[in-house]
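Q: Can you read through this structure? Questions will come right after.
2 protein chains.
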Amino acid sequence: MEDSQKQVCAWINDNRHRSIKLLKKMVEQRSVQGNEASAQAVVLEKCRQLSLDIDLWEPGGKALKQHPHFVATRTSFKDSPNIVGVMKGSGGGKSVILNGHVDVVPEGDLKQWEVDPYQAVVKDNRLYGRGSTDMKGGNVCLLMAMEAIKASGISLKGDVIFQSVIEEESGGAGTLAAILRGYKADAAIVPEPTKMKIFQKQQGSMWFRLKVKGRSAHGGTRYEGVSAIEKTTLVVEHLLQLEQKRNKRITDPLYQTIPIPVPINIGKIEGGTWPSSVADLVTLEGRCGIAPNEKIEDVQAEFQGWIDELSSKDEWFKEHPAELEWFGARWLPNEIEGTHPLTEALSKAYVDILESEPVIEASPWGTDAGLLSQAGGIPSIVFGPGETEMAHFPNEFIDIDQMISCTKVIAAFLLNWCEVSE
Amino acid sequence: MEDSQKQVCAWINDNRHRSIKLLKKMVEQRSVQGNEASAQAVVLEKCRQLSLDIDLWEPGGKALKQHPHFVATRTSFKDSPNIVGVMKGSGGGKSVILNGHVDVVPEGDLKQWEVDPYQAVVKDNRLYGRGSTDMKGGNVCLLMAMEAIKASGISLKGDVIFQSVIEEESGGAGTLAAILRGYKADAAIVPEPTKMKIFQKQQGSMWFRLKVKGRSAHGGTRYEGVSAIEKTTLVVEHLLQLEQKRNKRITDPLYQTIPIPVPINIGKIEGGTWPSSVADLVTLEGRCGIAPNEKIEDVQAEFQGWIDELSSKDEWFKEHPAELEWFGARWLPNEIEGTHPLTEALSKAYVDILESEPVIEASPWGTDAGLLSQAGGIPSIVFGPGETEMAHFPNEFIDIDQMISCTKVIAAFLLNWCEVSE
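Pasting the structure below:
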């Protein structure tokens, strides 16, 4: 380990309680969509402590809303600010964006929680609460890594641009707004919960809606109608075949251990209005995975083509095609080369600090890294503490030791990537 | 034709305009569930004209609500009276119940109607309007047949018990209430729209609900969950097989021309809460047909047994069986022998009046005849004017000539069944 690495690691160890305290304060704020302000206030306070150049604004405006990658479930972001805090470098080094989202998904059924989701209970090296893993723990790593460098009296050549964004859980309008505000860098790290694996590629995804038609009739003479529910069973089977076809193409060794790299998930079904009538309409809603190297338009065209082929399986669909629509949320995929300087620098920092090789993987879910790379043109990697399996579930927690280790790796990466100013 | 038959037929012909006028007045009343009072007022006025012994009451009370065959979608029948009008016989002849329901199903989408559903427009020998066929036309036949006999100066030996009941469209609580009030007879005729075929048997039906379980997971790692939607496609297929099995058993020649004598119709489907999540529950609601000779309990047991067998097709169902529930509406099946005196007497009246053999068939839907026979122990036949295909549909109409013919057949039947008093 280099001296500067030793210094920041020592500081991070000595200030472990401060990492926990910051995470506690953040988890205590129920920052579900529309309610992010108090969590951002905690972040803002920390940015002030670190003397960052602070930019706080509510996303909005024509350029955002008319952007091809804008998707949102709401029309206004009033009282839901983004924060960017810049630790300006002395010049000459490479810059980096450290991006984390402050919004959390709702806690769901409280009966399934063994602790209050917003009390940030600490027990056995774990901090419990909604958002602890997804991804306030990661955000704490970013802020504490920056503080460790500063507190150790080290200054960097390159800029570190910390972003605390809203709306990741609903399609990324917060990160898109930060890109449109002009923030650029030589690389970006998004510390979503990867269990400290380096996620070099991420699956994107988008939502679809399919309307399957039938013809109504009385249930007692149901043979006079055509059941949209029975036709839907064909559609479900047909989509499973499309999923197989799409996944067979994926030969990337990073996806080797993943049973279905880009799943097509049918999440909702609804149809028919009366038990004694033949259903004349069933609506399916689902999520289609996008491989890291795929374009959204190509996936949509393939999907539509596949739906068109239903008519070769069942004459009914010739006159009554299932209607496909893309709606709601969408996450862009992301990929970066294994030989990219960012991958190499992060891997080196990992080896330096943890004295073992990092696991390099591809993730089955999308993050704002897709927007940063595809809309922002910024090479991006997802790497953070916490387990994916915990995200969005009751009794979400983060392993505190892991969060501390991750803070050290990120600090070591910054020292190397942005370069220490003599 | 006998003299008395000639007399009543002549009267019916001469008073055709009065049949139409009565039907018009009845169709003009929008007697959907909860709104039957004004239609019953029209019936009441007619019963008074005919000097019947009138019994008017609102169904209710413990005996009704705790009866095993009681099913209803509401808890009170306030302002929704039943009417019974008795034409007392001189004694010695056989008695008969003439049962018709006064409730109609809602008119549905008005845009699909070419006429106002409650203006009772007459055009080209047809009277249009909601309830014209189902079954105010049949009710008019009953009342006008009784009036024809009375106006012809004929009196009968047996009692004619006319019943104008509520709630047939929601499971028959009106007819059940009339049975529990003590009305009994040697036979019953229910003039639902059979196009003047004699429906010697009727399919019953009951509603089921099936809950199919899965296990939730994020859509991006959907292989970690179990999709209730995919499991449901197995359940739908499994139910289609049960339908086949049940219908193969039906060898009754009366069902020869019907593609599926006792259908299992899945009318509603709903499941999942989020496009990006694996659905952990799908609920199906449907209608199971009951063959005329089947007992409800036996059908329920067979259905449950079949659902239990899902586990032999897919291990998942062993630990997570689909849950079956019987809920909401239910119509009992009905059958009567071809050699029963009622069948023979009605057939004879048909031949006498129309000089051709009646068509004897089995119906794919249930009526209150099921309650009259199974709960009341009264041999029952369904026979009336109007086309089944029109019932519950926009632009419902009745053929006026057919209604007049049916009135004559019913009058001729009464003369013979109850016997003319000298």
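So the sequence lines, in the order shown, correspond to chains A and C.
When you read off a place in the first sequence, starting at 1, and then add 361, the result is the number in the numbering used here.
When you read off a place in the second sequence, starting at 1, and then add 361, the result is the number in the numbering used here.
The beta carbon of each residue, even a glycine, is placed where N, CA and C say it ideally should be.
Taking C-beta to C-beta, are A:G647 and A:G628 nearer than 8 Å?
A: Here residue 647 of chain A corresponds to residue number 286 of the first sequence, with the count starting at 1. Here residue 628 of chain A corresponds to residue number 267 of the first sequence, with the count starting at 1. It is a contact, given that the beta carbons lie within the stated cut-off.
Q: Tell me whether the beta-carbon of C:I761 lies closer than 8 Å to the beta-carbon of C:I381.
A: In the second sequence, residue 761 of chain C corresponds to position 400, counting from 1. In the second sequence, residue 381 of chain C corresponds to position 20, counting from 1. In contact: C:I761 and C:I381 (Cβ atoms closer than 8 Å).
Q: Can you check which of these residues, A:A652, A:S672, A:A640, A:V639, is closest to A:Y616 by C-alpha distance?
A: For the purposes of this step, residue 616 of chain A is taken as the residue at position 255 of the first sequence. It is A:A652 whose Cα lies nearest to the Cα of A:Y616.
Q: Of all the residues that make up the region 563-574 of chain C, which are near chain A by a beta-carbon distance shorter than 7 Å?
A: Those would be Q564, S566, W568, in chain order.
Q: Using a beta-carbon distance below 8 Å, is A:A683 in contact with chain C?
A: For this step, residue 683 of chain A is matched to residue 322 along the first sequence. Chain C, which has no Cβ nearer than 8 Å to the Cβ of A:A683, makes this no.
Q: So what's C:C779 in DSSP terms, helix, strand or just coil?
A: Taking the first residue of the second sequence as position 1, residue 779 of chain C is located at position 418. Of the three classes helix, strand and coil, the one that applies to C:C779 here is coil, per DSSP.
Q: Just to confirm my understanding: we take A:V403, look at its own chain, exclude 5 residues before and 5 after, and list those with CB closer than 8 Å. What are they?
A: Working through the first sequence from its first residue, we reach residue 403 of chain A at position 42. Same-chain partners within the cutoff: L383, K386, M387, Q390.
Q: State the beta-bridge partners of A:Q524 as determined by DSSP.
A: As a working note, residue 524 of chain A is residue 163 in the first sequence. DSSP, once it has assigned bridges, lists A:V445, A:N460 as partnering A:Q524.
Q: Counting only beta-carbon atoms, is A:P420 nearer than 8 Å to chain C?
A: For the purposes of this step, residue 420 of chain A is identified with residue 59 of the first sequence, where counting begins at 1. It does not: the Cβ of A:P420 has no partner Cβ on chain C nearer than 8 Å.
Q: Take the Cβ of A:M362 as the centre, count every other Cβ of all protein chains shown within 10 Å, and call the residue buried at 16 or more, exposed below.
A: The sequence position of residue 362 of chain A within the first sequence is 1, counting from 1. That one is exposed.
Q: Please list, in chain order, the chain A residues whose beta carbon lies closer than 9 Å to that of C:I621.
A: Your numbering for residue 621 of chain C matches position 260 in the second sequence. Correct list: T582, R583, Y584.
Q: Scan the region 733-762 of chain A and note each continuous alpha helix (DSSP H) run of 4 residues or more that stays entirely inside, going in chain order.
A: Counting only runs of 4 or more, we get nothing.
Q: Could you give the distance in angstroms between the alpha-carbon of C:S399 and the alpha-carbon of C:T434?
A: Your numbering for residue 399 of chain C matches position 38 in the second sequence. Your numbering for residue 434 of chain C matches position 73 in the second sequence. About 21 Å.
Q: Taking CB distances under 8 Å as the criterion, tell me whether C:G647 reaches chain A.
A: In the second sequence, counting from the first residue as 1, residue 647 of chain C sits at position 286. So, interface residue.
Q: Roughly how many angstroms separate the alpha carbons of C:W687 and C:I522, rounded to a whole number?
A: Position 326 of the second sequence, counted from the start, is the residue given in the question as residue 687 of chain C. Position 161 of the second sequence, counted from the start, is the residue given in the question as residue 522 of chain C. Rounded to the nearest angstrom, the two C-alpha atoms are 34 Å apart.
Q: Just to confirm before moving on: does the CB-CB distance between A:L685 and A:F758 stay below 8 Å?
A: Here residue 685 of chain A refers to the residue found at position 324 of the first sequence. Here residue 758 of chain A refers to the residue found at position 397 of the first sequence. No; because the gap between Cβ atoms is not below 8 Å, this pair is not in contact.
Q: Which term fits A:V720, buried or exposed, when burial requires 16 or more other beta carbons within 10 angstroms of its beta carbon?
A: As a first step, residue 720 of chain A is located in the first sequence; it is residue number 359 there, counting from the start. Exposed: under 16 other Cβ atoms inside 10 Å.
Q: Can a CB atom of chain C be found closer than 8 Å to the CB of A:I415?
A: Within the first sequence, the letter at position 54 stands for residue 415 of chain A. Chain C, which has no Cβ nearer than 8 Å to the Cβ of A:I415, makes this no.
Q: Any idea what DSSP makes of A:W726, helix, strand or coil?
A: Start at 1 with the first residue of the first sequence, and residue 726 of chain A comes out as number 365. Three-state DSSP puts A:W726 in coil, outside helix and strand.
Q: Rounding to the nearest angstrom, what Cα-Cα distance links C:L595 and A:K674 in this structure?
A: Residue mapping note: residue 595 of chain C aligns to position 234 of the second sequence, counting from 1. Residue mapping note: residue 674 of chain A aligns to position 313 of the first sequence, counting from 1. Computed Cα separation, rounded: 19 Å.
Q: Which residues in the same chain as A:L413 place their Cβ atom closer than 7 Å to its Cβ, once the five residues preceding and following it in sequence are excluded?
A: Numbered from 1 along the first sequence, position 52 holds the residue referred to as residue 413 of chain A. Only G446, V447, M448, F523 meet the Cβ criterion.
Q: Between the region 623-644 of chain C and chain A, which residues of the former have a C-beta closer than 8 Å to a C-beta of the latter?
A: Residues P624, N626, I627, G628, K629, I630, E631, G632, G633, T634, W635, P636, S637, S638, V639, A640, V643.
Q: In the DSSP assignment, the alpha helix (DSSP H) including A:V432 goes from what residue to what residue?
A: As a first step, residue 432 of chain A is located in the first sequence; it is residue number 71 there, counting from the start. Neither: A:V432 is in no alpha helix (DSSP H) and is coded neither H nor E.
Q: Can you find a CB in chain A that lies within less than 8 Å of the CB of C:G490?
A: For the purposes of this step, residue 490 of chain C is taken as the residue at position 129 of the second sequence. No, its Cβ sits nowhere closer than 8 Å to a Cβ of chain A.
Q: Establish whether the CB of C:T494 and some CB of chain A are separated by less than 8 Å.
A: If you number the second sequence from 1, residue 494 of chain C lands on position 133. No, C:T494 does not count as interfacial toward chain A.
Q: Which residues of chain A have a Cβ atom closer than 7 Å to the Cβ of C:I590, listed in chain order?
A: Residue 590 of chain C sits at position 229 when you count from the first residue of the second sequence. Under the 7 Å cutoff, chain A gives V597, I627, I630.
Q: Looking at A:E529: is its Cβ nearer than 8 Å to the Cβ of A:T536?
A: Your numbering for residue 529 of chain A matches position 168 in the first sequence. Your numbering for residue 536 of chain A matches position 175 in the first sequence. Yes, the Cβ-Cβ distance between A:E529 and A:T536 is below 8 Å.
Q: Using a cut-off of 7 Å between C-beta atoms, extract the partners of A:G650 located in chain C.
A: As a working note, residue 650 of chain A is residue 289 in the first sequence. Here the neighbours are G581.
Q: Where A:L571 and A:T644 are concerned, what is the direct C-alpha to C-alpha distance, given to the nearest angstrom?
A: Position 210 of the first sequence, counting from 1, holds the residue named residue 571 of chain A. Position 283 of the first sequence, counting from 1, holds the residue named residue 644 of chain A. Looking at the two C-alpha atoms, the distance is approximately 6 Å.
Q: A:G689 versus chain C: which residues are under 9 Å apart at the beta carbon?
A: Position 328 of the first sequence, counted from the first residue, corresponds to residue 689 of chain A. Simply P636.
Q: Output the residue ranges of the beta strand (DSSP E) runs that lie fully inside the region 554-630 of chain A and measure 3 residues or longer, sorted by chain position.
A: Here the runs fully enclosed are 559-563, 565-574.
Q: Tell me, which residues are paired with C:G647 by DSSP?
A: As a first step, residue 647 of chain C is located in the second sequence; it is residue number 286 there, counting from the start. C:F569, C:I627, per the DSSP bridge assignment.
Q: Any residues in the region 738-767 of chain C with a beta carbon nearer than 7 Å to a beta carbon of chain A? Which ones, in chain order?
A: Of all residues in the region 738-767 of chain C, H753 have a Cβ within less than 7 Å of some Cβ in chain A.
Q: What is the rounded straight-line gap between the Cα of C:Q368 and the Cα of C:H462?
A: Residue mapping note: residue 368 of chain C aligns to position 7 of the second sequence, counting from 1. Residue mapping note: residue 462 of chain C aligns to position 101 of the second sequence, counting from 1. The alpha-carbon atoms of C:Q368 and C:H462 are separated by roughly 29 Å.
Q: Taking the straight line between their C-alpha atoms, what separation do you get for A:K592 and C:H430?
A: Along the first sequence, one-based indexing puts residue 592 of chain A at 231. Along the second sequence, one-based indexing puts residue 430 of chain C at 69. Distance between the alpha carbons of A:K592 and C:H430 is about 35 Å.
Q: By the DSSP assignment, the alpha helix (DSSP H) with C:F678 in it spans what residues?
A: Numbered from its first residue, the second sequence carries residue 678 of chain C at position 317. It spans 677-680 - the alpha helix (DSSP H) in which C:F678 sits, taken as one unbroken run.
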